[in-house]
Amino acid sequence: MDNKKKIIIIFILVIILIVAAVFIVKEISKGDQAVIPNEAGNEASAGGGSEVALPGSEAGEQQQPAPSGNEAATVTEEEIDKKQAENRAKFFTAMLGSYSAAANFANVLDLRPLMSDKMLSWSEDFIARNINTPPEESMVTYALKTKVLSYSPLRTSLIVSTRREKNIGDARKLYSQDAELSLVKIGGEWKIDTLSWK
Numbered sequence: 003m004d005n006k007k008k009i010i011i012i013f014i015l016v017i018i019l020i021v022a023a024v025f026i027v028k029e030i031s032k033g034d035q036a037v038i039p040n041e042a043g044n045e046a047s048a049g050g051g052s053e054v055a056l057p058g059s060e061a062g063e064q065q066q067p068a069p070s071g072n073e074a075a076t077v078t079e080e081e082i083d084k085k086q087a088e089n090r091a092k093f094f095t096a097m098l099g100s101y102s103a104a105a106n107f108a109n110v111l112d113l114r115p116l117m118s119d120k121m122l123s124w125s126e127d128f129i130a131r132n133i134n135t136p137p138e139e140s141m142v143t144y145a146l147k148t149k150v151l152s153y154s155p156l157r158t159s160l161i162v163s164t165r166r167e168k169n170i171g172d173a174r175k176l177y178s179q180d181a182e183l184s185l186v187k188i189g190g191e192w193k194i195d196t197l198s199w200k
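Numbering-wise, the working numbering comes out as the position in the sequence shown, counting from 1, plus 2.
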């Protein structure tokens, strides 16, 4: 396969990632309604209270315990908030870690709305340091799982475990790598404050 075909394929992949990123950011931004299935297979919808109403209940109705171990799960605002931070971190890590030199840092530029001022400064420095990356170099990163290290309503830190594929010309290298992220809540939204590859 010649270089022109490789560049076209990489460009198409970057466009697909950008479209996926926009879709996911819109979904994450909605945030007002989270549907969380419980172990019985029912769904609980998280609205504005501190706990989620159990399925089949009316507003203000007193809940009775479910019989025979099929108790419906209640989800607190903190659990929803923590899950939103985890999802934001996984999305950000996968997008930032996936790039093609031919795409002129589109992945970093597209993530700027999700960055704190500190991370924005890092992104500008990153672009300046890597402007001469060979055009045949690309990386695809898959975010697999997260581990919360610390959480508060305004700041959280966690580890995102990834699987990465680096391509330089015809050479391909697969490896696992963790990223440690710090997120801060700004204007009611989780923003990435730092990310470091381990």
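Think of the CB as a built atom: it goes at the ideal place given N, C-alpha and C, for glycine as much as any other residue. None of the values given here were measured: they were computed from a predicted structure.
Contact between G99 and T196 does not hold, since the beta-carbon distance rounds to 15 angstroms and is not under 8 angstroms. For V162, the closest of V142, K168, Y153 and F94 by C-alpha to C-alpha distance is F94. In terms of Cα proximity to S102, the closest of L116, L156 and I18 is I18.
Here the alpha carbon of N5 sits roughly 43 angstroms from the alpha carbon of I188. For D112, the enclosing alpha helix (DSSP H) stretches over residues A108 to D112. Under the three-state reduction of DSSP output, V186 falls in the strand class.
For the set D180, S159, V142 and L146, the Cα lying nearest the Cα of I170 is the one of V142. DSSP, reduced to helix, strand and coil, places T95 within a helical segment of the structure shown.
With contact defined as three or more Cβ pairs closer than 8 angstroms, the stretch 103-112 and the stretch 126-140 are in contact. Residue state for V150 is assigned as strand, using DSSP reduced to three classes.
Look at the beta carbons and you see the stretch 152-159 touching the stretch 78-89: at least three pairs across the two are nearer than 8 angstroms. Your pair L113 and R90 does not check out as a contact, with CB atoms roughly 11 angstroms apart and the cut at 8 angstroms.
The alpha carbon of A96 has as its nearest neighbour, out of R174, V77 and E167, the alpha carbon of E167. A direct Cα-to-Cα measurement between D180 and E126 gives close to 23 angstroms. Separation of the CB atoms of V186 and S118 is rounded to 6 angstroms, and the pair is thereby assigned contact status at 8 angstroms.
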